[in-house]
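**Q** I have a structure I would like to understand better, so I am pasting it below and will then ask my questions one at a time.
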């Protein structure tokens, strides 16, 4: 398996916000594997933390194992499948835990998984946690929320500008661990050196406009940890009504998958 | 339940609860809110309510629909919005927040699921209210579905996460930073000496990329300077700062990439 620690620079920040007493978000990032996972849990008492914790721990550990076992010999479709499969496994684990333990009943979580592989980025998501791409000083939202609000925007009922004032921001139409089955939305995108990817929970994008996120990344791209801290701070300065989590990942150079033995032999004689 | 208060020249005529998905306003008797006045079109406007949101749409009326004095075609209603149709005013009053029960659960992310799927899933836990679909809020699109109905009594804390808490008002990202007085930086040395830079954005970077960069952030608490990149850290009033954000006071002198500049508050 390729070690991407010299290729991808990752930084994370998470904060309970200014209103909530505990943080139901879970995050994990591993530059060597090229994997970032973020989940925003929901459910009574601490069940939200449990759900997001299970999702992040399972997916990051098991995807890492699966990638190591495959030894880099995976095409894009196989990686996409892998991401979908592991989201389903996390769904089953959370659903089972919720069934078996009364205090976890009804818990669930959103999920966004980013996996860098062979010069592309595989993104899987469920719910309203997002992935953005910052390229050429422009910030672009890559994932589309599975939420009532997004459906209202899609159906033309309201505009994106009006959506900022909606009272229905917090209703997701898909989540991990709620039902016995879940569909993960998985896509691949070509990656360019210099791209910065932003994974966040809705505590960021509900409190900070896309324009302010773009300005922050444009101003502070030289210092990724500061940019992440600044994004969290802005969410809190604007009210911090929800837990806020941010993962920033910068791609430093291209990362083709390690070629097979034959290719490597050939390259020696070239 | 949100409601409209219909009034004419300051005197209230009646209250209308927004208890239907679609409420028509117009001159014809078929409208839920009938206003018999020639300035009002037959079918003048309509209000579509989905969960906690109400959308006002002008139905192509002859004389138009105003909200808070501005003509609209489509508008998402906010608490205390005043709709004007002809000489009549309709004040929109959003649902009151649940008394006693804290707003802790307000805005918590919740799953919106199909009732059939819910039934297919496991039995409901005892501490959650049964989720019969709310007949008054039909789905806005074929794919989305109404959430579980609210219990009649305020929900106990344990069940509240499964119930959409009534929100007192929509919370659009606030802009408290805008309340800060405008500040600026004036260059004191180097080729650009005398130049002034207004700090109009929440973030303003200073310095030379690749050599030394610092950022001035505008926050509700004031202005702060933070080191961004470079081996050297900025010097404020002759003292080098560390990696932490440093609050800026009026007339602080900043030294950055060999250039001196002064921070000052404009009035």
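Chains as they are written, first to last, in our numbering: chain P, 1 to 270; chain Y, 1001 to 1267. Cβ atoms here follow ideal geometry from the backbone N, Cα and C, with glycine treated the same way. Just so we're clear, the structure is a prediction, and the values are computed from it rather than from any experiment.
Counting only Cβ pairs nearer than 7 Å, list the residues of chain P close to residue 1009 (chain Y).
**A** As a position in the second chain, residue 1009 (chain Y) is number 9, starting the count at 1. Under the 7 Å cutoff, chain P gives no residues; its nearest Cβ is about 30 Å from residue 1009 (chain Y).
**Q** With DSSP as the reference, label residue 174 (chain P) as helix, strand or coil.
**A** As a working mapping, residue 174 (chain P) is identified with position 174 in the first chain. In the structure shown, residue 174 (chain P) sits in coil (DSSP, three-state: anything other than H, G, I, E or B).
**Q** Could you list the residues in the region 1003 to 1029 of chain Y with a C-beta less than 8 Å from some C-beta on chain P, going in chain order?
**A** none
**Q** Please report whether the beta-carbon of residue 178 (chain P) lies at a distance below 8 Å from any beta-carbon of chain Y.
**A** Counting from one through the first chain, the residue named residue 178 (chain P) turns up at place 178. So yes, residue 178 (chain P) belongs to the interface.
**Q** Express the C-alpha separation of residue 141 (chain P) and residue 184 (chain P) in angstroms, rounding to a whole number.
**A** Against the first chain, residue 184 (chain P) aligns to sequence position 184. Against the first chain, residue 141 (chain P) aligns to sequence position 141. If I take the Cα positions, the gap works out to 18 Å.
**Q** Does the region 56 to 76 of chain P come within contact of the region 1071 to 1082 of chain Y, defined as at least 3 CB pairs closer than 8 Å?
**A** Remark: fewer than three beta-carbon pairs, one from each stretch, lie closer than 8 Å, so the region 56 to 76 of chain P and the region 1071 to 1082 of chain Y are not flagged as touching.
**Q** Could you spell out the range, first to last residue, of the alpha helix (DSSP H) harbouring residue 1022 (chain Y)?
**A** Numbered from 1 along the second chain, position 22 holds the residue referred to as residue 1022 (chain Y). Looking at the DSSP string, residue 1022 (chain Y) is not in any alpha helix (DSSP H); the run it does join, the beta strand (DSSP E), is 1022 to 1026.
**Q** Looking at the C-beta of residue 1203 (chain Y), does it have a partner C-beta in chain P at a distance below 8 Å?
**A** Taking the second chain and counting its residues from 1, one reaches residue 1203 (chain Y) at position 203. Closer than 8 Å to some Cβ of chain P, the Cβ of residue 1203 (chain Y) qualifies, so yes.
**Q** Using a Cβ-Cβ distance cut-off of 8 Å, determine whether residue 1043 (chain Y) contacts chain P.
**A** Locating residue 1043 (chain Y) in the second chain gives position 43, where the first residue counts as 1. So no, residue 1043 (chain Y) is outside the interface.
**Q** Name the residues in the region 210 to 233 of chain P whose C-beta lies less than 8 Å from a C-beta of chain Y; which are they?
**A** For chain Y, the residues of the region 210 to 233 of chain P that bring a beta carbon within less than 8 Å of one of its beta carbons are 212, 215, 216, 219, 220, 222, 223, 226, 230, 233, in chain order.
**Q** Does residue 1081 (chain Y) come out as helix, strand or coil in the three-state DSSP assignment?
**A** As a working mapping, residue 1081 (chain Y) is identified with position 81 in the second chain. In the structure shown, residue 1081 (chain Y) sits in coil (DSSP, three-state: anything other than H, G, I, E or B).
**Q** May I ask you to report which of helix, strand or coil DSSP gives residue 1054 (chain Y)?
**A** Along the second chain, read from residue 1 onward, the residue named residue 1054 (chain Y) stands at position 54. Residue 1054 (chain Y) falls in the strand class under three-state DSSP.
**Q** With 16 other CB atoms within 10 Å as the buried threshold, where does residue 169 (chain P) fall?
**A** By 1-based counting over the first chain, the position of residue 169 (chain P) is 169. Buried, because 16 or more other Cβ atoms sit within 10 Å of the Cβ of residue 169 (chain P).
**Q** Which residue's Cα is closest to the Cα of residue 104 (chain P): P:93, P:18, P:56?
**A** The residue you call residue 104 (chain P) lines up with position 104 of the first chain. Closest option to residue 104 (chain P), Cα to Cα, is P:93.
**Q** What's the C-alpha gap between residue 238 (chain P) and residue 68 (chain P)?
**A** Along the first chain, read from residue 1 onward, the residue named residue 238 (chain P) stands at position 238. Along the first chain, read from residue 1 onward, the residue named residue 68 (chain P) stands at position 68. The straight-line gap from Cα to Cα measures roughly 42 Å.
**Q** Please name the residues in the region 1221 to 1237 of chain Y whose beta-carbon is closer than 9 Å to at least one beta-carbon of chain P, in chain order.
**A** 1221, 1226, 1227, 1228, 1229, 1230
**Q** Considering only residues of the same chain and omitting the five flanking positions on each side of residue 1001 (chain Y), which have a CB-CB separation below 7 Å?
**A** Walking along the second chain from the start, residue 1001 (chain Y) turns up at place 1. Cβ neighbours of residue 1001 (chain Y) beyond the five flanking positions: 1017, 1018, 1019, 1095.
**Q** So, at 7 Å on beta carbons, what are the nonlocal neighbours of residue 1189 (chain Y) in its own chain, with the 5 sequence-adjacent residues on each side left out?
**A** For the purposes of this step, residue 1189 (chain Y) is taken as residue 189 along the second chain, with counting starting at 1. Excluding sequence neighbours, residue 1189 (chain Y) sits near 1259, 1260.
**Q** So, does the CB of residue 1001 (chain Y) fall closer than 8 Å to a CB anywhere in chain P?
**A** In the second chain, counting from the first residue as 1, residue 1001 (chain Y) sits at position 1. So no, residue 1001 (chain Y) is outside the interface.
**Q** Is it buried or exposed, residue 1234 (chain Y), if we count other Cβ atoms within 10 angstroms and call 16 or more buried?
**A** Walking along the second chain from the start, residue 1234 (chain Y) turns up at place 234. With 16 or more other Cβ atoms from the protein chains shown falling within 10 Å of its own Cβ, residue 1234 (chain Y) counts as buried.
**Q** Determine whether the beta carbon atoms of residue 1203 (chain Y) and residue 1184 (chain Y) lie at a separation below 8 Å.
**A** Your numbering for residue 1203 (chain Y) matches position 203 in the second chain. Your numbering for residue 1184 (chain Y) matches position 184 in the second chain. Not in contact: residue 1203 (chain Y) and residue 1184 (chain Y) (Cβ atoms no closer than 8 Å).
**Q** Out of P:157, P:129, P:171, which one is the CA nearest neighbour of residue 147 (chain P)?
**A** The residue given as residue 147 (chain P) occupies position 147 in the first chain. That would be P:171, whose Cα lies nearest to the Cα of residue 147 (chain P).
**Q** Report the three-state DSSP secondary structure of residue 207 (chain P) (helix, strand or coil).
**A** As a working note, residue 207 (chain P) is residue 207 in the first chain. In this structure, residue 207 (chain P) counts as coil in the three-state DSSP scheme.
**Q** Using the C-alpha atoms, what's the distance from residue 1027 (chain Y) back to residue 129 (chain P)?
**A** Taking the first chain and counting its residues from 1, the one referred to as residue 129 (chain P) is at position 129. Taking the second chain and counting its residues from 1, the one referred to as residue 1027 (chain Y) is at position 27. Approximately 46 Å between the Cα atoms of the pair.
**Q** Quick check on residue 91 (chain P): does DSSP put it in helix, strand or coil?
**A** Sequence index remark: in the first chain, residue 91 (chain P) carries index 91 (1-based). In the structure shown, residue 91 (chain P) sits in a helix (DSSP, three-state: H, G or I).
**Q** Taking residue 57 (chain P) as the reference, which of P:109, P:254, P:7, P:8 has the closest Cα?
**A** In the first chain, the residue the question calls residue 57 (chain P) occupies position 57. Closest by alpha carbon: P:109.
**Q** Report yes or no: is there a C-beta of chain Y within less than 8 Å of the C-beta of residue 110 (chain P)?
**A** For this step, residue 110 (chain P) is matched to residue 110 along the first chain. Residue-level contact check: residue 110 (chain P) touches chain Y, since one or more beta carbons of chain Y fall below 8 Å from its beta carbon.
**Q** Run through chain Y and tell me which residues come within less than 9 Å of residue 158 (chain P), C-beta to C-beta.
**A** Numbered from 1 along the first chain, position 158 holds the residue referred to as residue 158 (chain P). By Cβ distance, chain Y contributes 1053, 1055, 1074, 1076.
**Q** Within 10 angstroms of the Cβ of residue 242 (chain P), are there 16 or more other Cβ atoms? Answer buried if so, exposed if not.
**A** Your numbering for residue 242 (chain P) matches position 242 in the first chain. Within 10 angstroms of the beta-carbon of residue 242 (chain P) lie 16 or more other beta-carbons, which makes it buried.
**Q** Within this structure, are the beta carbons of residue 1004 (chain Y) and residue 1091 (chain Y) separated by less than 8 Å?
**A** Counting from 1 along the second chain, the entry for residue 1004 (chain Y) is found at position 4. Counting from 1 along the second chain, the entry for residue 1091 (chain Y) is found at position 91. Yes, they are a contact pair.
**Q** From this set, P:12, P:100, P:55, P:135, which residue's C-alpha is nearest residue 244 (chain P)'s C-alpha?
**A** Against the first chain, residue 244 (chain P) aligns to sequence position 244. Of the candidates P:12, P:100, P:55, P:135, the one whose C-alpha sits nearest the C-alpha of residue 244 (chain P) is P:12.
**Q** Roughly how many angstroms separate the alpha carbons of residue 145 (chain P) and residue 164 (chain P), rounded to a whole number?
**A** Here residue 145 (chain P) refers to the residue found at position 145 of the first chain. Here residue 164 (chain P) refers to the residue found at position 164 of the first chain. Rounded to whole angstroms, residue 145 (chain P) to residue 164 (chain P) spans 14 Å at the Cα level.
**Q** Can you list, in chain order, the residues of its chain with a C-beta nearer than 8 Å to that of residue 1136 (chain Y)? Leave out the 5 residues immediately preceding and following it.
**A** Within the second chain, residue 1136 (chain Y) is the residue found at index 136, counting from 1. Here the model assigns residue 1136 (chain Y) a pLDDT of 39, short of 50, so the residue's position is not dependable, and the following value carries that caveat. 1019, 1020, 1021, listed in sequence order.
**Q** Any heavy atom of the ligand SAM within a distance shorter than 7 Å of the CB on residue 199 (chain P)?
**A** The model on display carries no ligand, and the ligand SAM is accordingly not part of it.
**Q** Straight-line CA distance for residue 98 (chain P) to residue 55 (chain P)?
**A** As a working note, residue 98 (chain P) is residue 98 in the first chain. As a working note, residue 55 (chain P) is residue 55 in the first chain. Whole-angstrom Cα-Cα distance: 13 Å.
**Q** What is the DSSP secondary structure of residue 327 (chain P), counted as helix, strand or coil?
**A** Here chain P has residues from 1 to 270 only, and residue 327 (chain P) is not among them.
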